[in-house]
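Chemist: Can you read through this structure? Questions will come right after.
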Amino acid sequence: MSTDRIESLPPLPHRPDDGHKGTFGTVAVVGGCAGMHRDDEFQPTMLGATALAAMGAIRSGCGLVKIAAPSPIIEHTLTLAPFATGYGLETDHARSINASHAAPILDELTRTCSVVVAGMGMGSAHCVAQIIVRLLNQEMVPVVIDADGLNAMSSLPEFDREIRANAVLTPHPGEARRLMQSLAIDGDPAGDASQRIDACTRIAQRLGCVVVLKGKGTVVSDGHRVWVCERGSPALAAGGTGDVLAGIIASIIAQTRDAEGFDLLLAASVGVQAHAIAGERWADIHGGDGGLIASELTELLPAVITSLRA
Numbered sequence: 017m018s019t020d021r022i023e024s025l026p027p028l029p030h031r032p033d034d035g036h037k038g039t040f041g042t043v044a045v046v047g048g049c050a051g052m053h054r055d056d057e058f059q060p061t062m063l064g065a066t067a068l069a070a071m072g073a074i075r076s077g078c079g080l081v082k083i084a085a086p087s088p089i090i091e092h093t094l095t096l097a098p099f100a101t102g103y104g105l106e107t108d109h110a111r112s113i114n115a116s117h118a119a120p121i122l123d124e125l126t127r128t129c130s131v132v133v134a135g136m137g138m139g140s141a142h143c144v145a146q147i148i149v150r151l152l153n154q155e156m157v158p159v160v161i162d163a164d165g166l167n168a169m170s171s172l173p174e175f176d177r178e179i180r181a182n183a184v185l186t187p188h189p190g191e192a193r194r195l196m197q198s199l200a201i202d203g204d205p206a207g208d209a210s211q212r213i214d215a216c217t218r219i220a221q222r223l224g225c226v227v228v229l230k231g232k233g234t235v236v237s238d239g240h241r242v243w244v245c246e247r248g249s250p251a252l253a254a255g256g257t258g259d260v261l262a263g264i265i266a267s268i269i270a271q272t273r274d275a276e277g278f279d280l281l282l283a284a285s286v287g288v289q290a291h292a293i294a295g296e297r298w299a300d301i302h303g304g305d306g307g308l309i310a311s312e313l314t315e316l317l318p319a320v321i322t323s324l325r326a
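Counting in our numbering, the final residue of the sequence shown is number 326, and the numbers go up one at a time with none missing.
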């Protein structure tokens with residue numbers, strides 16, 4: 017499979033001195049689970065992932081963050097991310113999101129935000145697939161789909177027909193494998209470097225999306241071009257760092273939406289690079305390559321992002 021290899025990334029645009037919140041874009045984060053209980057199906061309460069994505073976004077320089085999460089946990093989520101504004105998504109008696117009632121809120125977010133990032137910490141309820149499909153069916157703003165959002169896609173027959181949005185998918189190898197199995201694509205997303213590039217490119221070509229295949233040597237491809245990250249640290253192998261990465265990527269997309277020479281592939285790649293460098297700096301500061309708490313990573317992002325600007 018022939019693809020063009022990107023060897024270097026463009027610098028991020030300069031932040032104008034007279035810029036305001038609107039200048040730097042608004043990121044919407046859709047995620048979280050209120051702890052669903054239905055028959056023999058149980059989902060734990062998950063609110064940290066949404067907050068971490070929001071932290072990754074704001075610390076990377078976007079102007080505003082909006083969070084949509086299940087109503088029972090939205091106040092707790094905003095306590096972790098007080099810089100954000102919140103939208104409570106109505107839940108049913110089992111504490112699962114009511115997708116039909118969520119639809120107007122999702123539509124509002126796609127009308128008023130620069131980019132939507134969704135899927136983290138949402139669990140496996142049927143409503144997750146309905147929410148993700150609604151976001152993928154719109155064409156107003158780019159969407160970044162992560163974690164449980166990716167698994168929801170894999171569970172749907174012919175989900176590739178649902179994608180109209182400019183989308184970035186951020187699977188780890190297990191999520192990528194499920195996507196490939198659902199699409200009947202051969203390849204090994206957990207293989208050696210060349211196999212990972214091939215798998216990432218195949219998914220991207222099939223779906224017409226940008227795919228970020230996470231892991232050592234994270235691969236980013238739009239099916240025609242490919243970039244491989246050569247930075248990073250084992251310290252990043254900790255829960256929550258992927259949520260932070262999704263927020264970083266969304267933030268960079270928001271900030272470069274009108275920048276000359278930038279597109280989704282390059283914005284996603286710069287986000288991956290920033291995340292990797294922050295991981296290296298955390299390891300240097302702490303003198304080790306384990307024990308990272310994902311929120312600590314976000315505190316290093318402002319300086320890292322500044323170093324990547326023109």
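Just so it is clear, CB atoms sit at the ideal spot from N, CA and C, and this is done for glycine as well.
1) When the Cα of G137 is compared with those of H109, A85, H92 and M156, which residue comes out closest?
2) Quick check on S130 - is its C-beta less than 7 Å from some C-beta in chain D?
3) Please work out which residues of its chain come closer than 8 Å, Cβ to Cβ, to V242, disregarding the five sequence neighbours upstream and downstream, and give them in chain order.
4) With C-beta atoms as the reference, is V149 less than 7 Å away from D164?
5) Does the beta-carbon of A100 have 16 or more other beta-carbons within 10 angstroms, so that it is buried, or is it exposed?
6) Using 8 Å as the Cβ pair cut-off and three pairs as the minimum, do the region 282–295 and the region 247–255 touch?
7) Closest by CA to V159, which one among A44, M169, L316 and P88?
8) Contact defined as beta carbons within less than 8 Å: I believe S76 pairs with I264. What is the distance between those atoms, to the nearest angstrom?
9) What is the rounded straight-line gap between the Cα of G38 and the Cα of G79?
10) Report buried or exposed for G190, applying the criterion of at least 16 other Cβ atoms within 10 angstroms of its Cβ.
11) The beta strand (DSSP E) that contains L185, what's its start and end?
12) Quick one: what's got a C-beta closer than 8 Å to M196's C-beta in the same chain, skipping five residues either side?
13) Among E124, G64 and L152, which has the Cα closest to the Cα of G255?
14) Using C-beta distances below 6 Å, list every residue in its chain close to P29, excluding the 5 sequence neighbours before and after it, in chain order.
15) Give a yes or no on whether the C-beta atoms belonging to Q271 and F40 are separated by under 7 Å.
16) Along the chain, where does the alpha helix (DSSP H) containing L25 start, and where does it finish?
17) Starting from the C-beta of G317, find all residues in its chain whose C-beta is less than 6 Å away, skip the five residues before and the five after it, and write them out in chain order.
18) Looking at the unbroken beta strand (DSSP E) that takes in V45, where does it start and where does it end?
19) State the beta-bridge partners of K82 as determined by DSSP.
20) Return helix, strand or coil for S323, following the three-state DSSP convention.
21) I need the boundaries of the alpha helix (DSSP H) containing I147, first residue and last residue.
22) Take the Cβ of Q211 as the centre, count every other Cβ of all protein chains shown within 10 Å, and call the residue buried at 16 or more, exposed below.
23) Measure the C-alpha to C-alpha separation of H117 and I269 and round it to an integer number of angstroms.
24) Shortest alpha-carbon distance to L324 belongs to which of K82, A253 and V288?
25) Can you tell me the Cβ-Cβ gap for G135 and G47, rounded? I've got them flagged as a contact below 8 Å.
26) According to DSSP, simplified to helix, strand and coil, what is R383?
Modeler: For this structure:
1) Position 121 of the sequence shown, counted from the first residue, corresponds to residue 137. Of the listed residues, the one whose Cα sits closest to G137 is A85.
2) Annotation note: the requested chain D is absent from the structure, which comprises a single protein chain.
3) What you label residue 242 is simply residue 226 of the sequence shown in a count that begins at 1. Answer for V242: T19, D20, R21, I22, I213, C216, T217, V235 and V236, listed in chain order.
4) Looking up residue 149 in the sequence shown gives position 133. Looking up residue 164 in the sequence shown gives position 148. Not a contact, by the Cβ cut-off of 7 Å.
5) In the sequence shown, residue 100 corresponds to position 84, counting from 1. The residue in question, A100, is buried, as its Cβ has 16 or more Cβ neighbours within 10 Å.
6) yes
7) In the sequence shown, residue 159 corresponds to position 143, counting from 1. It is A44.
8) The count along the sequence shown starts at 1 and reaches residue 76 at position 60. The count along the sequence shown starts at 1 and reaches residue 264 at position 248. Right, the Cβ-Cβ distance comes to about 5 Å (below 8 Å), so this counts as a contact.
9) For the purposes of this step, residue 38 is taken as the residue at position 22 of the sequence shown. For the purposes of this step, residue 79 is taken as the residue at position 63 of the sequence shown. If you take the alpha carbons of G38 and G79, they lie about 6 Å apart.
10) Taking the sequence shown and counting its residues from 1, one reaches residue 190 at position 174. By the 10 Å Cβ count, G190 comes out exposed.
11) Here residue 185 refers to the residue found at position 169 of the sequence shown. From DSSP, the beta strand (DSSP E) with L185 extends over A183 to L185.
12) As a first step, residue 196 is located in the sequence shown; it is residue number 180 there, counting from the start. Here the set comprises D202, G203, P205, A215, R218 and I219.
13) Translated into positions along the sequence shown, residue 255 becomes position 239. Answer by Cα proximity: G64.
14) Along the sequence shown, one-based indexing puts residue 29 at 13. Same-chain partners within the cutoff: A275.
15) As a first step, residue 271 must be located in the sequence shown, where it is residue number 255. As a first step, residue 40 must be located in the sequence shown, where it is residue number 24. Closer than 7 Å, so yes.
16) For the purposes of this step, residue 25 is taken as residue 9 along the sequence shown, with counting starting at 1. Careful: L25 lies outside any alpha helix (DSSP H) and carries neither H nor E.
17) Here residue 317 is taken as the residue at index 301 of the sequence shown, counted from 1. Position check: residue 317 holds Leu in this sequence, whereas Gly was assumed. Within the same chain, L317 has close Cβ partners R75, S76 and A294.
18) Working through the sequence shown from its first residue, we reach residue 45 at position 29. Here the beta strand (DSSP E) through V45 covers T42 to V46.
19) One-based indexing of the sequence shown puts residue 82 at position 66. BP columns for K82 point to A44 and T101.
20) Taking the sequence shown and counting its residues from 1, one reaches residue 323 at position 307. Reduced to three states, the DSSP call for S323 is helix.
21) To locate residue 147, count along the sequence shown from 1; it is residue 131. H142 to N153 is the extent of the alpha helix (DSSP H) around I147.
22) Here residue 211 refers to the residue found at position 195 of the sequence shown. Result: exposed.
23) The count along the sequence shown starts at 1 and reaches residue 117 at position 101. The count along the sequence shown starts at 1 and reaches residue 269 at position 253. Each residue's alpha carbon lies about 28 Å from the other.
24) As a position in the sequence shown, residue 324 is number 308, starting the count at 1. Selected option, being the one with the closest Cα: V288.
25) In the sequence shown, residue 135 corresponds to position 119, counting from 1. In the sequence shown, residue 47 corresponds to position 31, counting from 1. Yes, G135 and G47 are in contact; Cβ-Cβ is about 6 Å, under 8 Å.
26) The structure shown has nothing for residue 383, since the chain only spans 17 to 326.
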